[in-house]
Amino acid sequence: MEYQLTTSLLTNPATGIKVSVQHWVHEKAVGSVLFAHATGFHKEIWNPTIEYLKKAAVKYNFLTFDVRNHGDSGLENKDLLSEECDWTLLSQDLLNLLDQVEVKKPLFGVGHSMGGCTTLLAEVARPDTFSGIIALEPIIGVDQKSKAGLMLIEAARRRKSVWEDRDAVKEYLMSKTFFNTWDARVIEEYVNHGMYQTPDGKITLKCPPKQEAATFAGSPNASAYCYEQLHTIQIPVLFVGGKNSNTIFPEMIANFARKTNRGVGRIVPGQHLIPQEHPENTARLITSFLDEQSKGQIRSNL
Numbered sequence: 001m002e003y004q005l006t007t008s009l010l011t012n013p014a015t016g017i018k019v020s021v022q023h024w025v026h027e028k029a030v031g032s033v034l035f036a037h038a039t040g041f042h043k044e045i046w047n048p049t050i051e052y053l054k055k056a057a058v059k060y061n062f063l064t065f066d067v068r069n070h071g072d073s074g075l076e077n078k079d080l081l082s083e084e085c086d087w088t089l090l091s092q093d094l095l096n097l098l099d100q101v102e103v104k105k106p107l108f109g110v111g112h113s114m115g116g117c118t119t120l121l122a123e124v125a126r127p128d129t130f131s132g133i134i135a136l137e138p139i140i141g142v143d144q145k146s147k148a149g150l151m152l153i154e155a156a157r158r159r160k161s162v163w164e165d166r167d168a169v170k171e172y173l174m175s176k177t178f179f180n181t182w183d184a185r186v187i188e189e190y191v192n193h194g195m196y197q198t199p200d201g202k203i204t205l206k207c208p209p210k211q212e213a214a215t216f217a218g219s220p221n222a223s224a225y226c227y228e229q230l231h232t233i234q235i236p237v238l239f240v241g242g243k244n245s246n247t248i249f250p251e252m253i254a255n256f257a258r259k260t261n262r263g264v265g266r267i268v269p270g271q272h273l274i275p276q277e278h279p280e281n282t283a284r285l286i287t288s289f290l291d292e293q294s295k296g297q298i299r300s301n302l
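Quick note: the sequence shown uses full-length UniProt numbering, first residue 1, plus one each step.
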């Protein structure tokens, strides 16, 4: 059987906040994997990684979603969004999603950067939501009020967000060092799904610069709280750092692993944007983690 893909828009009845979800279902699935994206991205950024998992015959269901102010969720919620975006709210959105979707257990979480933090926060808030988590370059205990953090927020506010057409978008991206290391398939997903065409025919980001900046600015309290609560997490957690990352360093990965009851650290090729640069390697990492979970052991290379 081929995977059956459904896309749905879930609404939180208490807040009216909508979350856009992709759900790949296999009739012989033995569990599920939920993917959480980083700030400035969207659910489809995981599609190349998922394609590799499908080719590897990993029989799990896969879920991806856009946080409330990103991707298709951001378009649906544009009149409900504030200029502040605390990550604890995003972790609550994740839990609300799981309350509304029929998920094949066991459920594993894979979160990148912000998504790593919010996935862990969801587990802190509701223990045993996941059977295991892979946190790729998670933003935990990182002070976005630092000089570097404030520069990141300001850079997001100034980000170019409108182009004449998608060809102009690709030309612009290829001119920037930031995107030079990305896998070509991830670039395609970003251009096709991270942006939309406005009524005047131009192409613009689904996550506007002010919302990306608000998301970066919304991290300090949640990031610090996540770090403080790592010791409460009882499930296996694999903390992954990029060998050439300028955001999360090997000693930080080792520290996260030590603070978590069943935490393990691993360093892999890449910079901060591991899934964007290495979707195939990311899929292998996930496959290995799932296999190790079935055998009751995960390995560290620290």
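Just so you know, even glycine gets a beta-carbon here, dropped at the ideal spot from N, CA and C.
Model, not experiment: these values are computed from the prediction.
- When only Cα atoms are considered, Gln271 and Val142 end up about 17 Å apart.
- Counting only residues of its own chain and dropping the five nearest sequence neighbours on each side, Arg157 has a CB closer than 7 Å to the CB of Pro209, Lys210, Ala213.
- Taking C-alpha positions only, Thr119 is separated from Ala184 by approximately 27 Å.
- Looking at Glu277, Val21, Thr15, Ala125, the one whose alpha-carbon comes closest to that of Asp79 is Thr15.
- The three-state reading of DSSP puts Ser288 in helix, counting H, G and I together.
- A direct Cα-to-Cα measurement between Leu34 and Leu97 gives close to 11 Å.
- Measuring C-alpha to C-alpha distances from Phe216 to each of Glu83, Asn12, Gln4 identifies Glu83 as the nearest.
- For the pair Gly194 and Lys206, the CB atoms are nearer than the 7 Å cut-off.
- Counted as a single uninterrupted DSSP element, the beta strand (DSSP E) harbouring Ser20 occupies residues 18–25.
- For Gln234, the three-state secondary structure derived from DSSP is coil.
- Taking the C-beta atoms as reference points, Ser245 is found no nearer than 7 Å to Thr204.
- Separation of Phe41 and Gly116 (C-alpha to C-alpha, rounded to the nearest whole angstrom) is 13 Å.
- The Cβ atoms of Pro106 and Ser73 do not sit closer than 7 Å to each other.
- Contact holds between the segment 120–140 and the segment 218–234, because three or more Cβ pairs, one in each stretch, are under 8 Å apart.
- Taking C-beta atoms as the reference points, Met151 and Ala38 fail to come closer than 7 Å.
- For Arg158, there is no enclosing alpha helix (DSSP H), as DSSP marks it with neither H nor E.
- In the DSSP assignment, Phe41 falls outside any alpha helix (DSSP H) and carries neither an H nor an E.
- The C-beta distance from Val268 to Asn281 rounds to 6 Å, short enough to fall under 8 Å.
- Separation of Phe62 and Pro13 (C-alpha to C-alpha, rounded to the nearest whole angstrom) is 24 Å.
- Tyr60 and Leu94 have their alpha carbons spaced roughly 19 Å apart.
- In the three-state DSSP reduction, Arg126 falls in the coil class, being neither helix nor strand.
- For Leu9, the closest of Phe249, Val58, Asp291, Leu75 by C-alpha to C-alpha distance is Leu75.
- Here Thr7 is bridged, per DSSP, to Gln22.
- Shown here, Ile50 sits in a helix according to DSSP, grouped into three states.
- Our two residues, Arg258 and Arg166, have alpha carbons roughly 45 Å apart in a direct line.
- With a contact defined as Cβ atoms closer than 8 Å, Glu123 and Ile133 qualify at about 6 Å.
- Of the candidates Pro279, Leu285, Asn47, the residue whose Cα lies closest to the Cα of Thr181 is Pro279.
- For Pro275, the number of other beta carbons within 10 angstroms of its own is at least 16, and it is reported as buried.
- Under the DSSP assignment, Thr204 falls outside any alpha helix (DSSP H), being part of the beta strand (DSSP E) whose first and last residues are 203–205.
- Gln197 is bridged by DSSP to Ile203.
- Excluding its 5 nearest sequence neighbours in each direction, Ser32 has C-beta neighbours in its own chain below 8 Å: Tyr60, Asn61, Phe62, Leu63, Val103, Lys104, Lys105, Pro106, Leu107, Phe108, listed in chain order.
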